[in-house]
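Residue numbers (full-length UniProt numbering): 1 to 483.
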């Protein structure tokens, strides 16, 4: 790839790749359409033990299975747009008439025919994206889809939320309480099986060698269950043991209120969130202010920051409904791109597929599967999603980028380079200090280090990252870049 293509200010059309965009897929589980994985049982014989001698007889791990078994698979041959997704979902029909109405007096401004690639204006027969169609009618708004309605009078945003409801039901896997009671079966630091140590406050388990610490006699607690100030346990389930416990809504670190001595009091009363300091508070505000908004780069290329929005739409303002419709429908499109290139990464214990878990920022009682902090960044050409990346920001210290993919139609055009550059610029503007990526092969290690400026972890990096809940990708090498 031309090194100049890393800049977001240059012409997209002039960028030339010297390596394939799919080389930037940084998970070990690359999709091979001709491969078949059996997901067979492990040959490990060791049984995980906790400090008190409890053991488990069943060894479970991550398995990969081909995605061709999924029902109603969305064809990758068409354009990846929200309209294409809505048509596939069946909530709208091809060539249906759609109207642009004024938000104040509900007067009809323009009519168009809905197709997979956009809207065909009935006055000029030109194909427009949603924002272009609004501009064509002489109007500009923050959420243009909120002004689009079907000829029947049904708002397009309602169609988006109906389709999202079906997507949620199809994707979400319920977690049984018995799975939590059993504890985990993989090390929370390396993601591998073996003889494991239990945390006495959560289901997490670890290899003692990965912990780099001596186990005490009696109870032992994992890094995610300890106060970041005093390093003693923070017990959310039994507040009587550790009263006044707090968890930062941004970096997810836990604290004792007494350890803070009142020096941090950043509470967002509108959402009930608590932040451990001004940096996490401002970081969260900065991310929220960017959600769903189009950021123009050059020509027809733009990028958006997305996050899955949950909650009952009846309880919130029209602006919240617009944000939820925009983010969730774009994410439903973006996930199909990642699924074109990555094998299904299903955790055997919980049956959770890690790609939807990350894209839809769903939580879990298991720390290694708790992806509530994930955001998605998409690169678009008009309304077509051409490149997707998943990121998680662990406060201002570090962010991780475990997944990235580009649509095959746009390979060799510098789209991945442009997306990575946009992500780095956004993180810099939010005062995030470092970006971490996993590399699955020596070739990818060379690419990230030689072409993107990443470096191998030193001992201080490894020590600090042990306190961060990075995604577990066994076999990958983590690299770090100072922004």
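Backbone N, C-alpha and C define an ideal beta-carbon position, used for all residues, glycine too.
> Where does residue 345 fall in DSSP's three states?
Replying inline: strand
> Just checking my contact of residue 326 with residue 143 at CB under 8 Å: how many whole Å lie between their CB atoms?
Replying inline: 6 Å
> Measuring CB to CB, does residue 249 end up less than 8 Å from residue 395?
Replying inline: no
>> To test your reading of the DSSP string, which unbroken beta strand (DSSP E) runs of 3 or more residues are found completely within the stretch 377 to 449?
In response: 384 to 394, 398 to 406, 434 to 439
> Between the C-alpha atoms of residue 451 and residue 104, what's the straight-line distance to the nearest angstrom?
Replying inline: The straight-line gap from Cα to Cα measures roughly 51 Å.
> My guess is that residue 419 and residue 389 are in contact by the Cβ rule of under 8 Å, so how many angstroms apart are they, rounded?
Replying inline: 6 Å
> Would you call the stretch 362 to 370 and the stretch 423 to 435 touching, i.e. three or more CB-CB distances under 8 Å?
Replying inline: Contact fails: fewer than three Cβ-Cβ distances are below 8 Å.
> Going by C-alpha distance, which of 466, 473, 476, 474 is nearest residue 226?
Replying inline: 466
> Since residue 109 is in the alpha helix (DSSP H), which residue starts that stretch and which ends it?
Replying inline: Not the alpha helix (DSSP H): residue 109 falls in the beta strand (DSSP E), residues 108 to 115.
> What are the boundary residues of the beta strand (DSSP E) that includes residue 256?
Replying inline: 254 to 256
> Based on the DSSP output, what are the partners of residue 353 in its beta bridges?
Replying inline: 346
> In whole angstroms, what separates the C-alpha of residue 217 from that of residue 461?
Replying inline: 29 Å
> Tell me, which residues are paired with residue 375 by DSSP?
Replying inline: 391
> Can we say the stretch 194 to 210 touches the stretch 469 to 482, given the rule of at least three CB pairs closer than 8 Å?
Replying inline: no
> Measuring CA to CA, which of 292, 140, 334 is closest to residue 488?
Replying inline: It is not possible to answer for residue 488, since the shown part of the chain is limited to 1 through 483.
>> Can you check which of these residues, 454, 281, 90, is closest to residue 401 by C-alpha distance?
In response: 454
>> With H, G and I counted as helix, E and B as strand and the rest as coil, what does DSSP make of residue 122?
In response: In this structure, residue 122 counts as coil in the three-state DSSP scheme.
> Any idea if residue 172 is buried or exposed, counting beta-carbon neighbours within 10 angstroms, 16 or more meaning buried?
Replying inline: Around the Cβ of residue 172, a 10 Å sphere holds fewer than 16 other Cβ atoms; the residue is exposed.
> To the nearest angstrom, how far is it from the Cα of residue 441 to the Cα of residue 121?
Replying inline: Distance from the CA atom of residue 441 to the CA atom of residue 121, rounded to whole angstroms, is 48 Å.
> To the nearest angstrom, how far is it from the Cα of residue 337 to the Cα of residue 387?
Replying inline: Roughly 8 Å between the two C-alpha positions.
>> Using only the alpha-carbon positions, how far apart do residue 167 and residue 355 sit?
In response: 14 Å
> So what does DSSP say about residue 298, is it helix, strand or coil?
Replying inline: In the three-state reduction of the DSSP assignment, residue 298 falls in the strand class.
> Nearest-angstrom Cα distance between residue 157 and residue 221?
Replying inline: 46 Å
> Expressed to the nearest angstrom, what Euclidean distance is found between the alpha-carbon atoms of residue 213 and residue 79?
Replying inline: 52 Å
> Is the beta carbon of residue 305 less than 8 Å from the beta carbon of residue 375?
Replying inline: yes
> Taking the continuous beta strand (DSSP E) assigned at residue 488, which residues delimit it?
Replying inline: Coverage of the chain is limited to positions 1 through 483, which leaves residue 488 absent and any answer about it impossible.
> DSSP three-state call for residue 59: helix, strand or coil?
Replying inline: In this prediction, residue 59 scores a pLDDT of 31, lower than 50, which makes its location untrustworthy; the coordinate-derived value is nonetheless stated afterwards. Coil at residue 59, not helix or strand.
> Per DSSP, what kind of secondary structure is residue 227 in: helix, strand or coil?
Replying inline: When secondary structure is reduced to three states using DSSP, residue 227 falls in the strand class.
>> Pop quiz: residue 433 and residue 483 are said to be a contact at Cβ under 8 Å. What is the actual Cβ separation, rounded to whole angstroms?
In response: 6 Å
> Who does residue 127 pair with in a DSSP beta bridge?
Replying inline: 120
>> I'd like to confirm the pairing. Which residues does DSSP put opposite residue 206 in its beta bridges?
In response: Per DSSP, 197.
>> On the criterion of 16 or more Cβ atoms from any shown chain inside 10 Å, does residue 151 qualify as buried, or is it exposed?
In response: exposed
>> So for residue 333, helix, strand or coil by DSSP?
In response: helix
> Short check: CB of residue 146 to CB of residue 322, under 8 Å?
Replying inline: The Cβ atoms of residue 146 and residue 322 lie closer than 8 Å to each other.
>> Run through the DSSP bridge pairs and tell me what residue 477 is partnered with.
In response: 439
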